[in-house]
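Engineer:
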Amino acid sequence: MSNKILTVIIPFLNEKDEVENTVKSIKTHSDGDIEILVINDASNDGFDYKSIVEKYDDVIYIENQERMGVAASRDLGVELCQTPYFLLLDAHMRFYDNLWAQRIIEELETDQRALLCCQTKELRIEDGNLVEKNRLPSYGACIELDSGLKLIEPFWIFQEPEETSHLKTIPVACILGAAYACSKVYWQYLKGLEGLKYYGTDESYISIKAWLEGGSCKLLKDVVIGHIYRLSESQPFVTDAKFRLYNRLLIIELLIPEMYKKNLFSLLRYYYKYYSSEALLILYENRETINRLKNYYQQIFTRDFSFFKTLNDQYHKKHWAIENPNITLRDIALRIENESISDIGILKGRMGIAIFMFHYARFSNNDSYKISADKMLSDLVKDIQQDTHYGFATGLSGIGWGIEYLCQRGFVEGDTNEILSDFDEIIMETDPKRIANLNRNYGLGGIVLYLLTRLYTIEKEKKDNPFDKEYLSNVYNRICSVIEQRDATCDSIEIFIEFLDYYQGKKSIAQPEIYDVCFLLNPQDIPLQDLELGLTGVSGVGIKLILEKE
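Under my numbering, the first residue of the sequence shown carries the number 1097, and numbering increases by one thereafter.
(1) Helix, strand or coil, according to DSSP, for Pro1528 in the structure here?
(2) Ser1438 to Ile1499, Cα distance in whole Å?
(3) What's the C-alpha gap between Asn1461 and Phe1454?
(4) What residues in its chain sit with their C-beta under 8 Å from that of Phe1404, if we drop five residues either side in the sequence?
(5) Tell me the residue span of the beta strand (DSSP E) that contains Gly1322.
(6) Determine, using beta carbons only, whether Cys1214 and Ala1138 come nearer to each other than 8 Å.
(7) Measure the alpha-carbon distance for Tyr1599 versus Ser1234 and round it to whole angstroms.
(8) So who's on the other strand from Glu1131, going by DSSP bridges?
(9) Need the endpoints of the beta strand (DSSP E) that Arg1220 sits in, please.
(10) Of the residues Ala1237, Gly1224, His1188, Asn1230, which one's Cα is nearest the Cα of Leu1212?
(11) Taking all protein chains shown into account, do 16 or more other C-beta atoms lie within 10 angstroms of the C-beta of Cys1313, making it buried, or fewer, making it exposed?
(12) DSSP three-state call for Tyr1368: helix, strand or coil?
(13) Do you know how far the Cα of Gln1581 is from the Cα of Ile1495?
(14) State yes or no: is the C-beta of Ser1493 within less than 8 Å of the C-beta of Leu1545?
(15) Using a Cβ-Cβ distance cut-off of 8 Å, determine whether Asp1144 contacts chain D.
(16) Taking the alpha-carbon of Leu1548 as reference, which of Val1578, Glu1514, Leu1534, Ile1593 has the nearest alpha-carbon?
(17) Do Leu1350 and Ile1378 have their C-beta atoms within less than 8 Å of each other?
(18) Does the segment 1142 to 1162 come close enough to the segment 1219 to 1227 to have 3 or more Cβ pairs within less than 8 Å?
(19) Between which residues of its own chain and Asp1560 is the CB-CB distance below 8 Å, once the five residues before and five after are set aside?
(20) Measuring straight from C-alpha to C-alpha, what distance separates Thr1103 and Ile1248?
(21) Taking only runs that begin and end inside the segment 1272 to 1317, name each unbroken beta strand (DSSP E) of 3 or more residues, in chain order.
(22) Spatial neighbours of Glu1114 within its chain, please: CB distance less than 6 Å, with the 5 preceding and 5 following residues excluded, ordered by chain position.
(23) Around the Cβ of Glu1329, are there at least 16 other Cβ atoms within 10 angstroms (buried) or fewer (exposed)?
(24) Quick one, which of Ile1440, Thr1118, Val1227 has its alpha-carbon nearest Leu1133's?
(25) Leu1345 to Asp1153, Cα distance in whole Å?
(26) Going straight from the alpha carbon of Trp1540 to that of Asp1336, what length do you get?
(27) Take Ile1130 as the anchor and find which of Lys1100, Val1166, Phe1254 has the nearest alpha-carbon.
(28) Based on the DSSP secondary-structure assignment, which residues constitute the bridge partners of Ile1248?
(29) State the start and end residues of the unbroken beta strand (DSSP E) segment that holds Val1149.
(30) Which residue marks the beginning of the beta strand (DSSP E) containing Thr1490, and which one marks its end?
(31) When you compare the CB positions of Asp1520 and Phe1563, do they come within less than 8 Å of one another, or not?
(32) Any heavy atom of the ligand SAM closer than 7 Å to the Cβ of Leu1502?
(33) Nearest-angstrom Cα distance between Asn1570 and Gly1487?
(34) Which residues bound the alpha helix (DSSP H) around Pro1267?
(35) Which term fits Phe1615, buried or exposed, when burial requires 16 or more other beta carbons within 10 angstroms of its beta carbon?
(36) In terms of residues, what are the limits of the beta strand (DSSP E) holding Val1155?
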């Protein structure tokens, strides 16, 4: 064991001279009372890092033979460090005084269940010169929980709360800035960054875990560390979009409760449709690790997610808002009552519109809207033809899903085994092996989505199962073949995985949500008069507003 107290851990990939520049800056602005551990994550730029670092007798050099990624390299550094505390750095940082190490140590000795970040000085390389930018002071970060493009990503906070302006150390929702300090024992108690792949969302992952465990995240306002920020095109390595998306899905799966999860999954599915299937398949392949971590966190967490969400929302205002949502909802309902539409389907047709009307009738406590919704549902069921397709978007499986959804939430009364008996028979007449289209709107995905919502009620209410064992076995075998083939063009992977878990007895079916059907638009910057009536239009906007207010 080292007799020193703090280790600086620097993982890097293809950083060239910046590794030595960072080490020099640390040593120039410290009193020899720290360890330095440098981890080369299989750099492939031909630079001789080992001989450069070995010029410094007291710097430990580790070289990964295969790329592990920044998350795993950081965890490796924590495992190898021989001091009670550590500071994680990127390999392009600068220091400005000799007080930073003692300040970090003092804070961690006072609170050993804290994650610390430091104030950031923005640096840039311009024409080969290091330039300090006139950047506003930052006060930690928040995590995006609303916007799909940056979902689960941290973002800077540049306005300090008045109540903390006199303090040197302040609580923050999320650490950020690439200079993070912690107790080795606490980091490992939280399982560090285990589960993440390669690059992305490290800060969000470890910060949420610290808060949920009962610890905290803090900013040391008086410790300033320079960070060379680079444009994405000048990064010294390539990041794979599917792994960045996987990391976000992992955090949602591990740390966020079901009531939020399906909405967040639908956001990522909508904004990253070209990568979501691949990322979900990686999630499925790592299910044993994920289940182990989930069970562990359920044992150690002392706070629920609503605690973190409230904390995070203190600093973060929604990207979208409607000044008078009640007026908007009323206008949507009036427009629906005054316009006619022939499509009976759930996405763009009358089934989805009826779901909004049932929600709005309850929300507004207005019986006239309930009467309208009941009539709308009755009329569309009468308009189902013998040749109506089974497809989810416009046909039977989507309409059946909608009826089951309404019954589950008490909008409509009745035994869905009786109400949907004809639907069930028609669905079972479709041979899963012969359905070439795998997607949810017109193919196998929609059928499985219908099955899941029916099976949820059957399991919950202990009803007779109208779907015979042979049919369910055929569905299961077809899905297994899809998963084995890793068909990343399929948009139903999430649905298929849920069915596999149910069939194998590994997990109960989650309560069906409207987010299973489609992404609900936010009303920001979208003139409602330009949108269609269905779930993919104003009805979806209306349901989202209601769900946000409930």
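Glycine residues also receive a C-beta, built at the ideal position from the N, C-alpha and C atoms.
Since we're looking at a predicted model, the values are computed, not measured.
Structural biologist: Answer, in terms of the structure:
(1) As a working note, residue 1528 is residue 432 in the sequence shown. Note: Pro1528 maps to helix in three-state DSSP.
(2) Position 342 of the sequence shown, counted from the start, is the residue given in the question as residue 1438. Position 403 of the sequence shown, counted from the start, is the residue given in the question as residue 1499. If you draw a straight line from the Cα of Ser1438 to the Cα of Ile1499, it comes to about 18 Å.
(3) The residue labelled residue 1461 in the question sits at position 365 within the sequence shown. The residue labelled residue 1454 in the question sits at position 358 within the sequence shown. Roughly 10 Å between the two C-alpha positions.
(4) Position 308 of the sequence shown holds residue 1404. Only Ala1269, Ile1304, Trp1307, Leu1308 meet the Cβ criterion.
(5) Here residue 1322 refers to the residue found at position 226 of the sequence shown. Here the beta strand (DSSP E) through Gly1322 covers 1312 to 1324.
(6) For the purposes of this step, residue 1214 is taken as the residue at position 118 of the sequence shown. For the purposes of this step, residue 1138 is taken as the residue at position 42 of the sequence shown. Cβ distance not < 8 Å, so Cys1214 and Ala1138 don't count as in contact.
(7) Counting from 1 along the sequence shown, the entry for residue 1599 is found at position 503. Counting from 1 along the sequence shown, the entry for residue 1234 is found at position 138. Separation of Tyr1599 and Ser1234 (C-alpha to C-alpha, rounded to the nearest whole angstrom) is 49 Å.
(8) As a first step, residue 1131 must be located in the sequence shown, where it is residue number 35. Beta-bridge partners of Glu1131 (DSSP): Thr1103.
(9) Here residue 1220 is taken as the residue at index 124 of the sequence shown, counted from 1. Taken as a continuous stretch (DSSP letters only), the beta strand (DSSP E) holding Arg1220 covers 1210 to 1222.
(10) Start at 1 with the first residue of the sequence shown, and residue 1212 comes out as number 116. Ala1237 is the residue among Ala1237, Gly1224, His1188, Asn1230 whose C-alpha sits nearest the C-alpha of Leu1212.
(11) If you number the sequence shown from 1, residue 1313 lands on position 217. Cys1313 comes out buried.
(12) Residue numbering aside, residue 1368 sits at position 272 when the sequence shown is read from its first letter. The answer is coil: DSSP assigns Tyr1368 none of H, G, I, E or B.
(13) Position 399 of the sequence shown, counted from the first residue, corresponds to residue 1495. Position 485 of the sequence shown, counted from the first residue, corresponds to residue 1581. Rounded to whole angstroms, Ile1495 to Gln1581 spans 30 Å at the Cα level.
(14) As a first step, residue 1493 must be located in the sequence shown, where it is residue number 397. As a first step, residue 1545 must be located in the sequence shown, where it is residue number 449. Yes, these two residues count as a Cβ contact at 8 Å.
(15) Reference to chain D is not applicable here, since this structure consists of a single protein chain.
(16) Residue numbering aside, residue 1548 sits at position 452 when the sequence shown is read from its first letter. For the set Val1578, Glu1514, Leu1534, Ile1593, the Cα lying nearest the Cα of Leu1548 is the one of Ile1593.
(17) Residue 1350 sits at position 254 when you count from the first residue of the sequence shown. Residue 1378 sits at position 282 when you count from the first residue of the sequence shown. Contact flag unset, no.
(18) No, the segment 1142 to 1162 does not touch the segment 1219 to 1227.
(19) By one-based count along the sequence shown, residue 1560 stands at place 464. Answer for Asp1560: Asn1513, Ile1554, listed in chain order.
(20) One-based indexing of the sequence shown puts residue 1103 at position 7. One-based indexing of the sequence shown puts residue 1248 at position 152. One Cα belongs to Thr1103, the other to Ile1248, and the distance between them is close to 29 Å.
(21) The beta strand (DSSP E) runs lying completely inside the segment 1272 to 1317 and spanning 3 residues or more are 1275 to 1279, given in chain order.
(22) In the sequence shown, residue 1114 corresponds to position 18, counting from 1. The residues are Ala1187, His1188.
(23) The sequence position of residue 1329 within the sequence shown is 233, counting from 1. Caution applies to Glu1329, whose pLDDT of 48 falls short of 50 and renders its modelled position unreliable; the value that the coordinates give is listed next. That one is exposed.
(24) Sequence index remark: in the sequence shown, residue 1133 carries index 37 (1-based). Ranking the options by Cα distance to Leu1133, first place goes to Thr1118.
(25) Sequence index remark: in the sequence shown, residue 1345 carries index 249 (1-based). Sequence index remark: in the sequence shown, residue 1153 carries index 57 (1-based). When the Cα atoms are used, Leu1345 and Asp1153 turn out to be separated by approximately 42 Å.
(26) For the purposes of this step, residue 1540 is identified with residue 444 of the sequence shown, where counting begins at 1. For the purposes of this step, residue 1336 is identified with residue 240 of the sequence shown, where counting begins at 1. First, the residue type needs correcting, since residue 1540 is Leu and not Trp in the sequence shown. The alpha-carbon atoms of Leu1540 and Asp1336 are separated by roughly 29 Å.
(27) To locate residue 1130, count along the sequence shown from 1; it is residue 34. The residue from Lys1100, Val1166, Phe1254 with its alpha-carbon nearest to that of Ile1130 is Lys1100.
(28) To locate residue 1248, count along the sequence shown from 1; it is residue 152. As far as DSSP is concerned, Ile1248 takes part in no beta bridge.
(29) Counting from 1 along the sequence shown, the entry for residue 1149 is found at position 53. Taken as a continuous stretch (DSSP letters only), Val1149 belongs to no beta strand (DSSP E), being part of the alpha helix (DSSP H) at 1145 to 1149.
(30) Taking the sequence shown and counting its residues from 1, the one referred to as residue 1490 is at position 394. For Thr1490, there is no enclosing beta strand (DSSP E), as DSSP marks it with neither H nor E.
(31) Against the sequence shown, residue 1520 aligns to sequence position 424. Against the sequence shown, residue 1563 aligns to sequence position 467. Yes, the pair counts as a contact, with Cβ atoms nearer than the cut-off.
(32) Ligands are entirely absent from the displayed structure, and the ligand SAM is therefore not among its contents.
(33) Your numbering for residue 1570 matches position 474 in the sequence shown. Your numbering for residue 1487 matches position 391 in the sequence shown. For the pair Asn1570 and Gly1487, the Cα-to-Cα distance works out to about 18 Å.
(34) Counting from one through the sequence shown, the residue named residue 1267 turns up at place 171. Unbroken run through Pro1267 is the beta strand (DSSP E), 1265 to 1267; no alpha helix (DSSP H).
(35) Position 519 of the sequence shown holds residue 1615. The residue in question, Phe1615, is buried, as its Cβ has 16 or more Cβ neighbours within 10 Å.
(36) Mapped onto the sequence shown, residue 1155 falls at position 59. Counting along the chain, the beta strand (DSSP E) containing Val1155 begins and ends at 1155 to 1159.
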